[in-house]
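Protein chains in written order, with this note's numbering: chain A, 7 to 315; chain B, 140 to 687.
The structure appears right after this line, and notes come after that.
The following block contains the structure:
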């Protein structure tokens, strides 16, 4: 049993999707290098949740701190998808924004954000929405200072709502097959537009539309990782090495990329149509592809590679 | 002179009337309503095939569309009330009386219609009980059944989901009844003959393939560590101790977790080959890792499961398959197997009272029984011994000459102390009793009676009710594993500790299980995709279970 427990924290074996936020951070960083800021012992909890008779978490569902990655200093934030779906509340948001602002002083090799969130916490929506806006601004400032901000997405809650907006401001994103990136979630779309428009219970459709493989193929994410902490670590190191400058040229390239994308695929009714237009030979086979086969497919798709963002 | 052939003549009349709507035996879906109006007579007993899995849905829609002026006051005798049409016919007067077994998804509406008096209820049955009555006093005049394909002679291929069909046809066709089958396709030659053509009077070419509910798929991604802990306790404290080889599992996450722990935790305990080798079980996707790692010798199935057909085809040593290669299931036989040939049934429930009666009924839902009470009962007709059965019998302290003792089947309830939305599982009084009072039922719908239950497993421990010697011990044993529910907090601590000393109540630590070791890492598959990998790509999960 002891061997089994030890094995489950081995980065090669530890499933990103299965791991807790703290397990992810510890296994992602160089061994023994993670130091947490405002750890659970500090009891920085939500002031709002007791009003709703809801349980609180000692860390408000986010782990922030400093660590080393391949010997270089990084700042890390990891959302805990199991606490209120990783949603942004006042304290949760403040911890992320504080970490980002600290990067301006510390000047780490990168800031890593391990997204696992459904968006803003409804019970503290004003504070949460403000946090989203402040986090986006802070990321712009950090990137302007020359520090890349890398998003890693492969948790159970995906990266939705304001989390999707923040992800859009990062320098680079890595995603796994189980990861999802979007703003409106499947249930929200179905509620507003009907099941004919989007059947949220058709999980294959959800992943085809918002999942890691689709985001990688259309260039919405810049690296595709297998579902292990080791794979995300490798992806993070790779992305830090090729983060774009945050300048007018990059922003104009990003604008052009997004305009071209909507022009080219705006009339598609299903992700498989987009994949076919991208030149994928057998679009229907994409969801079941292994990581290796998918990597080969991505290598042949031009849109998956760009210097923008 | 006595007329001994009146039923047969009526049958001939019905068939002659139906033939006018048919080309030989074949009827297009567009004429299905005309066919039913021609064949059915007011007051008929009708079996509209449907259970917890497959549904004769095209015929259900046709029956609901019949003119209530022509077709009315039917007596429905069917195992499943699952589709909206199954109840619509009672609102329009097409049907009046009902004898059934299972009503999962329509449980809320059937309760309202029972309160409102729109349904004249005969009884809620277990599957075997209803099947038995098909041959005694609930024989259908007309059976509306579902299959995959048929030829023009009516030879029927049911496909892997054979389920109730042979039983329904046997009772109807050989007692002057008319059998109408909906099929997905009319073919020149069926892959195998599940029902010979001379028992099928009409074949309706359905407008779309019949519906099958993937009721037996549990996503490993949704399993909790509490369920892992309970599964560890069940394996170590029950499966290993009684050496259970022949068994049936319910459909909950707890039992699915046991299936996924066999190749990991069970392997480590050295139990391979000693437990869980022979099954009466639907083809649960969560059993794939145990099959692939050589734990399972054979499995007989009630029905199939969506997405499992290719896998089953490639594992004929394990499953019952036809000459065509596909699964042959049979609900009546598998229920009988679960009742008489298995040494253990383990399943979950919604409520357990202080004596151990359990029910899945809540105040607003009548879910029916299905097959759990058949499997989850001690068969008094059993005569063959097994080590498991004899050990349980001895624990129940059967007195007198050992040569005259009866063994006991193990019937285990695997429940968390609090269920969905933190509703307590343990209660003073079952909601089923309230419901029986409100609806005027003579019997409260009890899923498993107290005297059949041998063990209750919760996250707090195992209560062995076989070892309890009186009602007070039994109550304290149940309270002793009821956790922080009102029932659990009402325990007599001294008595529970005494029961613990006697091994009647056992905690994880008494079994040598460290609760912190109950990690999802122990699950042989942590996602549906892992199950696909275990199956070598043969399992094809339906879209609602995919996250890729």
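Where is the CB? At the ideal position from N, CA and C, for every residue including glycine.
Quick caveat: nothing in here was measured; it's all calculated off a predicted structure.
Which residues does DSSP pair with residue 392 of chain B in a beta bridge? In the second chain, residue 392 of chain B corresponds to position 253, counting from 1. Partner(s): none; residue 392 of chain B has no beta bridge.
Under three-state DSSP, which class holds residue 182 of chain A? Position 176 of the first chain, counted from the first residue, corresponds to residue 182 of chain A. DSSP places residue 182 of chain A in strand when its eight states are reduced to three.
Just list the residues that DSSP pairs residue 321 of chain B with in beta bridges. The residue labelled residue 321 of chain B in the question sits at position 182 within the second chain. Note: residue 321 of chain B sits in a beta bridge opposite B/285 and B/343.
Nearest neighbour of residue 676 of chain B, chosen from B/450, B/630 and B/200 [CA to CA]: For this step, residue 676 of chain B is matched to residue 537 along the second chain. When each option's Cα is compared against that of residue 676 of chain B, the closest is B/450.
Residues of chain B with CB closer than 8 angstroms to the CB of residue 211 of chain A, please, in chain order. Start at 1 with the first residue of the first chain, and residue 211 of chain A comes out as number 205. In chain order: 682.
Counting only C-beta atoms, is residue 665 of chain B closer than 8 angstroms to chain A at any point? On the second chain, residue 665 of chain B is found 526 positions in, with the first residue counted as 1. Answer yes: the Cβ-Cβ gap between residue 665 of chain B and chain A drops below 8 angstroms somewhere.
Below 8 angstroms on the Cβ atoms is my guess for residue 334 of chain B versus residue 299 of chain B; work out the distance and round it to an integer in Å. Numbered from 1 along the second chain, position 195 holds the residue referred to as residue 334 of chain B. Numbered from 1 along the second chain, position 160 holds the residue referred to as residue 299 of chain B. Going by Cβ atoms, the distance from residue 334 of chain B to residue 299 of chain B rounds to 15 angstroms, so no, they are not a contact pair.
For residue 293 of chain A, return the contacting residues in chain B, with the cut-off set at a CB-CB distance below 8 angstroms. As a working mapping, residue 293 of chain A is identified with position 287 in the first chain. Under the 8 angstroms cutoff, chain B gives 685 and 687.
Quick check on residue 615 of chain B: buried or exposed, where buried means 16 or more other Cβ atoms within 10 Å of its Cβ? Position 476 of the second chain, counting from 1, holds the residue named residue 615 of chain B. It counts as buried.
Would you mind reading off the limits of the alpha helix (DSSP H) that contains residue 263 of chain A? Within the first chain, the letter at position 257 stands for residue 263 of chain A. 254 to 271 is the extent of the alpha helix (DSSP H) around residue 263 of chain A.
Answer with yes or no whether the minimum CB distance from residue 208 of chain A to chain B is below 8 angstroms. As a first step, residue 208 of chain A must be located in the first chain, where it is residue number 202. It does: the Cβ of residue 208 of chain A has a partner Cβ on chain B nearer than 8 angstroms.
Please report the distance separating the alpha-carbon of residue 370 of chain B from that of residue 494 of chain B. For the purposes of this step, residue 370 of chain B is taken as residue 231 along the second chain, with counting starting at 1. For the purposes of this step, residue 494 of chain B is taken as residue 355 along the second chain, with counting starting at 1. Straight-line Cα distance between these residues: approximately 24 angstroms.
Based on Cα-Cα distance, which residue from B/527, B/302, B/409 and B/561 lies nearest to residue 442 of chain B? The residue labelled residue 442 of chain B in the question sits at position 303 within the second chain. It is B/302.
In the structure shown, what three-state DSSP assignment does residue 358 of chain B receive? Residue 358 of chain B sits at position 219 when you count from the first residue of the second chain. Of the three classes helix, strand and coil, the one that applies to residue 358 of chain B here is coil, per DSSP.
Is residue 200 of chain A helix, strand or coil by DSSP? Looking up residue 200 of chain A in the first chain gives position 194. Reduced to three states, the DSSP call for residue 200 of chain A is coil.
Between the stretch 642 to 663 of chain B and chain A, which residues of the former have CB atoms less than 9 angstroms from a CB of the latter, in chain order? 653, 655, 656, 658, 659, 660 and 661
Checking 8 angstroms against the spacing of the C-beta atoms, do residue 97 of chain A and residue 142 of chain A come in under that value? Indexing the first chain from 1 puts residue 97 of chain A at position 91. Indexing the first chain from 1 puts residue 142 of chain A at position 136. Not a contact, by the Cβ cut-off of 8 angstroms.
Between residue 178 of chain B and residue 319 of chain B, what straight-line distance do the alpha-carbon atoms span, to the nearest angstrom? Taking the second chain and counting its residues from 1, one reaches residue 178 of chain B at position 39. Taking the second chain and counting its residues from 1, one reaches residue 319 of chain B at position 180. Those two C-alpha atoms are separated by around 10 angstroms.
Is it buried or exposed for residue 503 of chain B, if we count other Cβ within 10 angstroms and need 16 for buried? Here residue 503 of chain B refers to the residue found at position 364 of the second chain. Classification of residue 503 of chain B: exposed, given that the 10 Å Cβ count is below 16.
Evaluate residue 627 of chain B with the Cβ neighbour count: other Cβ atoms within 10 Å of its Cβ, from every protein chain shown; 16 or more gives buried, anything less gives exposed. Here residue 627 of chain B refers to the residue found at position 488 when the second chain is read from its first residue. Residue 627 of chain B comes out buried.
How long is the line joining the alpha carbons of residue 72 of chain A and residue 411 of chain B, rounded to whole angstroms? Within the first chain, the letter at position 66 stands for residue 72 of chain A. Within the second chain, the letter at position 272 stands for residue 411 of chain B. Between residue 72 of chain A and residue 411 of chain B, the C-alpha separation is close to 47 angstroms.
What residues are listed by DSSP as bridge partners for residue 238 of chain B? For the purposes of this step, residue 238 of chain B is taken as residue 99 along the second chain, with counting starting at 1. Residue 238 of chain B is bridged to B/216.
Which residues of the stretch 214 to 233 of chain A have a Cβ closer than 8 angstroms to any Cβ of chain B? Give them in chain order. 217 and 219
Opposing strand residues paired with residue 22 of chain A [DSSP bridges]: As a first step, residue 22 of chain A must be located in the first chain, where it is residue number 16. In DSSP, residue 22 of chain A forms no bridge with anything.
Of all the CB atoms in chain A, is at least one closer than 8 angstroms to the CB of residue 424 of chain B? Counting from 1 along the second chain, the entry for residue 424 of chain B is found at position 285. With 8 angstroms as the cut-off, residue 424 of chain B does not count as an interface residue toward chain A.
Decide if residue 217 of chain B is buried, meaning its Cβ has at least 16 other Cβ atoms within 10 Å, or exposed. Counting from 1 along the second chain, the entry for residue 217 of chain B is found at position 78. Buried, since its Cβ has 16 or more Cβ neighbours within 10 Å.
From residue 326 of chain B to residue 346 of chain B, what distance separates their C-alpha atoms? In the second chain, counting from the first residue as 1, residue 326 of chain B sits at position 187. In the second chain, counting from the first residue as 1, residue 346 of chain B sits at position 207. Looking at the two C-alpha atoms, the distance is approximately 15 angstroms.
Who pairs with residue 84 of chain A in a beta bridge, going by DSSP? The residue given as residue 84 of chain A occupies position 78 in the first chain. Per DSSP, A/69 and A/120.
Any 3 or more C-beta pairs closer than 8 angstroms across the stretch 431 to 440 of chain B and the stretch 258 to 266 of chain B: no
State the DSSP-derived secondary structure class of residue 168 of chain A, mapped to helix, strand or coil. Within the first chain, residue 168 of chain A is the residue found at index 162, counting from 1. In this structure, residue 168 of chain A counts as helix in the three-state DSSP scheme.
Do residue 652 of chain B and residue 603 of chain B come within 8 angstroms of each other at the CB atom, strictly closer than that value? Taking the first residue of the second chain as position 1, residue 603 of chain B is located at position 464. Taking the first residue of the second chain as position 1, residue 652 of chain B is located at position 513. Contact: no.
Could you work out which residue in B/637, B/146 and B/634 is closest to residue 315 of chain B when comparing CA atoms only? Reading the second chain from its first residue, position 176 is the one you call residue 315 of chain B. The shortest Cα separation from residue 315 of chain B among B/637, B/146 and B/634 belongs to B/146.
Fully enclosed by the stretch 513 to 575 of chain B, which beta strand (DSSP E) runs are 3 residues long or longer? 549 to 553
Put residue 289 of chain A into one of helix, strand or coil per three-state DSSP. Residue 289 of chain A sits at position 283 when you count from the first residue of the first chain. In the structure shown, residue 289 of chain A sits in a helix (DSSP, three-state: H, G or I).
Which residues, taken in chain order from the stretch 178 to 202 of chain A, show a beta carbon closer than 8 angstroms to some beta carbon of chain B? 183 and 184
Can you tell which of B/471, B/453, B/313 and B/470 has its C-alpha closest to the C-alpha of residue 463 of chain B? Start at 1 with the first residue of the second chain, and residue 463 of chain B comes out as number 324. Closest option to residue 463 of chain B, Cα to Cα, is B/453.
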